[in-house]
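Notes follow once the structure below has been shown.
Here is the structure:
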């Protein structure tokens, strides 16, 4: 059974600081997704990582994938308040039929 | 605007009642999914469908049923609701090509907030 674990689960940071959210998963996969969810809202796709060593960047967020370590990271550079949200990683089973989500990391960026 | 429509947006339901949550997408995606979201547990897959006419069980299927009569619609039915089914339910879809399935992310609806009393 595929397990996906994120840490930290809660993150409070100051504006302008850098931080990394980690996503570990338990079985072989080369497809990993990051989503953002604002309170009371739906999930928005941020990144799709499809191979070992994949790196994607959008604004202050950068995601990477190490399939050998079964680890993905979401790095936040110079955080701003607008990045406050819950971030989920999700891993595709090798069959490609379904995603398993991590518990989510609730990020709060304080002025 | 193309996307996924879920209905109702919220509902309060008495235990023991039957309830169907509706999900319609207009993107012609072949795969559709139902998740429930509970605090501290992330999203858990209830049922999925890789193509019209087929369905599969997810992580937490008990107490739920689905059907996929056509590409666009994927209703979720609670035959006899129980309080533990109080949750936020999200429908999702994605294009799942036969070669390299999984290259597209799932797209989510706005959710249905369901309270069972």
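Chains as they are written, first to last, in the working numbering: chain A, -11 to 99; chain B, 3 to 119.
Backbone N, C-alpha and C fix where the C-beta goes; we use that ideal spot for every residue, glycine too.
Hey, how far is the Cα of residue i from the Cα of residue j?
{"i": "residue 77 (chain A)", "j": "residue 65 (chain A)", "result": "18 angstroms"}
{"i": "residue 11 (chain B)", "j": "residue 66 (chain B)", "result": "18 angstroms"}
{"i": "residue 31 (chain B)", "j": "residue 17 (chain B)", "result": "34 angstroms"}
{"i": "residue 118 (chain B)", "j": "residue 93 (chain B)", "result": "19 angstroms"}
{"i": "residue 98 (chain A)", "j": "residue 3 (chain A)", "result": "6 angstroms"}
{"i": "residue 23 (chain A)", "j": "residue 31 (chain A)", "result": "6 angstroms"}
{"i": "residue 57 (chain A)", "j": "residue 9 (chain B)", "result": "41 angstroms"}
{"i": "residue 95 (chain A)", "j": "residue 10 (chain A)", "result": "13 angstroms"}
{"i": "residue 73 (chain A)", "j": "residue 58 (chain B)", "result": "31 angstroms"}
{"i": "residue 60 (chain B)", "j": "residue 49 (chain B)", "result": "5 angstroms"}
{"i": "residue 98 (chain B)", "j": "residue 34 (chain B)", "result": "10 angstroms"}
{"i": "residue 42 (chain A)", "j": "residue 52 (chain A)", "result": "6 angstroms"}
{"i": "residue 63 (chain B)", "j": "residue 26 (chain B)", "result": "20 angstroms"}
{"i": "residue 86 (chain A)", "j": "residue 74 (chain B)", "result": "18 angstroms"}
{"i": "residue 81 (chain B)", "j": "residue 45 (chain B)", "result": "21 angstroms"}
Give the range of the beta strand (DSSP E) segment to which residue i is assigned.
{"i": "residue -5 (chain A)", "result": "-8 to -5"}
{"i": "residue 189 (chain B)", "result": "Since the first and last residues shown for chain B are 3 and 119, residue 189 (chain B) lies out of range."}
{"i": "residue 70 (chain A)", "result": "Where residue 70 (chain A) is concerned, there is no enclosing beta strand (DSSP E), given that its DSSP letter is neither H nor E."}
{"i": "residue 8 (chain B)", "result": "6 to 9"}
{"i": "residue 54 (chain A)", "result": "49 to 54"}
{"i": "residue 97 (chain A)", "result": "93 to 98"}
{"i": "residue 90 (chain B)", "result": "89 to 96"}
{"i": "residue 115 (chain B)", "result": "114 to 118"}
{"i": "residue 108 (chain B)", "result": "Per DSSP, residue 108 (chain B) belongs to no beta strand (DSSP E) and is neither H nor E."}
Residues in the same chain with beta-carbon distance under 7 angstroms from residue i, minus the five sequence neighbours each way, listed in chain order, please.
{"i": "residue 91 (chain A)", "result": "-6 and -3"}
{"i": "residue -10 (chain A)", "result": "13, 14, 15, 79, 81 and 88"}
{"i": "residue 18 (chain A)", "result": "38, 39, 40 and 55"}
{"i": "residue 93 (chain A)", "result": "-6, -4, -3, -1, 9, 74 and 75"}
{"i": "residue 26 (chain A)", "result": "73"}
Please classify residue i as buried or exposed, where buried requires at least 16 neighbouring CB atoms within 10 angstroms.
{"i": "residue 52 (chain B)", "result": "buried"}
{"i": "residue 188 (chain A)", "result": "Coverage of chain A is limited to positions -11 through 99, which leaves residue 188 (chain A) absent and any answer about it impossible."}
{"i": "residue 2 (chain B)", "result": "With chain B represented from 3 up to 119, any question about residue 2 (chain B) goes unanswered, as that position is not in the structure."}
{"i": "residue 68 (chain A)", "result": "exposed"}
{"i": "residue 85 (chain B)", "result": "exposed"}
{"i": "residue 38 (chain B)", "result": "buried"}
{"i": "residue 34 (chain A)", "result": "buried"}
So which residues of chain D does residue i contact, with C-beta pairs closer than 7 angstroms?
{"i": "residue 107 (chain B)", "result": "No chain D is part of this structure, whose protein chains are labelled A and B."}
Please return the same chain residues whose Cβ sits closer than 8 angstroms to the Cβ of residue i, not counting the five positions on each side in sequence.
{"i": "residue 88 (chain B)", "result": "116, 117 and 118"}
Between which residues of its own chain and residue i is the CB-CB distance below 6 angstroms, once the five residues before and five after are set aside?
{"i": "residue 23 (chain B)", "result": "78, 91 and 114"}
{"i": "residue 21 (chain A)", "result": "36 and 78"}
{"i": "residue 7 (chain A)", "result": "1 and 64"}
{"i": "residue 108 (chain B)", "result": "94 and 96"}
{"i": "residue 59 (chain A)", "result": "12"}
Let me know the beta strand (DSSP E) ranges lying completely inside the stretch 11 to 44 of chain A, each 3 residues or longer, listed in chain order.
Listed in chain order, the complete beta strand (DSSP E) runs (minimum 3 residues) inside the stretch 11 to 44 of chain A are 20 to 25 and 31 to 37.
Could you give the uninterrupted runs of the alpha helix (DSSP H) lying entirely in the stretch 23 to 85 of chain B, keeping only those of 4 residues or more?
Along the stretch 23 to 85 of chain B, the alpha helix (DSSP H) does not occur as any fully enclosed run of 4 or more residues.
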